[in-house]
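**Student:** Residue 16 in numbering that gives the first Met the number 0 is what sits at position 17 of the sequence shown, and the numbering runs on without skipping anything.
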Amino acid sequence: MRKYGIWLVLFVCVAFLVGYSVTTVLGKEEVKIDRKEVFTTIQKGYETQFLIRGKHLPMNKMIETLSPYFTENFLQVFTDENSRSDKQSGEYLLPAKEAPFSFHSETKMAYDEEHKILYVYERAKSGQYQIVTLQRDQGKWKLAGYHESQELLTEIKRLQQL
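1) So K115 is in the beta strand (DSSP E); what residue range does that whole segment cover?
2) Less than 8 Å between the beta carbons of G44 and F77, yes or no?
3) Is the distance from the Cβ of W140 to the Cβ of E63 below 8 Å?
4) Could you tell me how far apart the beta carbons of S148 and Y128 are, in whole angstroms, since I believe they sit closer than 8 Å?
5) Starting from the C-beta of D136, find all residues in its chain whose C-beta is less than 7 Å away, skip the five residues before and the five after it, and write them out in chain order.
6) Taking only the alpha-carbon atoms, compute the straight-line gap between K124 and S66 and give it to the nearest angstrom.
7) If we ignore side chains and look at the alpha-carbon of each, how far apart do L142 and Y110 end up?
8) On the three-state DSSP scale, how would you describe T70?
9) Would you decide whether V24 is buried or exposed? Buried here means 16 or more other CB atoms lie within 10 Å of its CB.
10) With 16 other CB atoms within 10 Å as the buried threshold, where does V131 fall?
11) Figure out for me which residue from E121, E105 and D79 has the closest Cα to the Cα of L56.
Right, dumping it as structure tokens:
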């Protein structure tokens, strides 16, 4: 009887450990980051927004054109900027047709699992960091923001230390 008790306890412990491991693995969503896909999204997003700058398109046409590349929040900011006639269209969001990256080893990426944000950044020759943030939307990366900064953002520095 005692022999069966030991086996029973051992079996319960193994079952518990296996169950815990499966729960841990299933609880974490593995995010695959394909550099080529990310870089293509950035390039196409930049090119598309540049094509519609200053054209005063109807809002629905602007949204239709940019929605494959921009998150809803970033799209809202972009359309707000482009619907104002008192300044050059979109000048504060994405300042050029070309993405500000070489798309080589100088272009770095950092993923924030907690907030589900991908930072793509590179230090320009001017010394400023060019930073694009992306988020997954229905399985595709989309532009969520653009920053220029003399220093690397605190969020990126924190991710580099992990």
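The C-beta atom is built at its ideal place from N, Cα and C for all residues, glycine as well.
The model shown is predicted, which means the values in this text are computed figures rather than measured ones.
**Tutor:** Once the coordinates are examined:
1) Here residue 115 is taken as the residue at index 116 of the sequence shown, counted from 1. First-last for K115: undefined, no H or E at that position.
2) Taking the sequence shown and counting its residues from 1, one reaches residue 44 at position 45. Taking the sequence shown and counting its residues from 1, one reaches residue 77 at position 78. No, these two residues do not count as a Cβ contact at 8 Å.
3) Here residue 140 is taken as the residue at index 141 of the sequence shown, counted from 1. Here residue 63 is taken as the residue at index 64 of the sequence shown, counted from 1. Cβ distance not < 8 Å, so W140 and E63 don't count as in contact.
4) Mapped onto the sequence shown, residue 148 falls at position 149. Mapped onto the sequence shown, residue 128 falls at position 129. Right, the Cβ-Cβ distance comes to about 5 Å (below 8 Å), so this counts as a contact.
5) Counting from 1 along the sequence shown, the entry for residue 136 is found at position 137. If we look at D136 and ignore the five residues flanking it on each side, its Cβ neighbours are T70.
6) Counted from its first residue, the sequence shown places residue 124 at position 125. Counted from its first residue, the sequence shown places residue 66 at position 67. Between K124 and S66, the C-alpha separation is close to 31 Å.
7) Here residue 142 refers to the residue found at position 143 when the sequence shown is read from its first residue. Here residue 110 refers to the residue found at position 111 when the sequence shown is read from its first residue. A straight line joining the alpha-carbon of L142 with that of Y110 spans about 14 Å.
8) For the purposes of this step, residue 70 is taken as residue 71 along the sequence shown, with counting starting at 1. Secondary structure at T70: coil, using DSSP grouped into helix, strand and coil.
9) Position 25 of the sequence shown, counting from 1, holds the residue named residue 24. The predicted model places V24 with a pLDDT of 42, which falls under 50 and marks its position as unreliable; any figure quoted below should be read in that light. With fewer than 16 other Cβ atoms inside 10 Å of its own Cβ, V24 counts as exposed.
10) As a first step, residue 131 is located in the sequence shown; it is residue number 132 there, counting from the start. With 16 or more Cβ atoms within 10 Å of its Cβ, V131 is classed as buried.
11) Working through the sequence shown from its first residue, we reach residue 56 at position 57. Minimum Cα distance to L56 is reached at D79.
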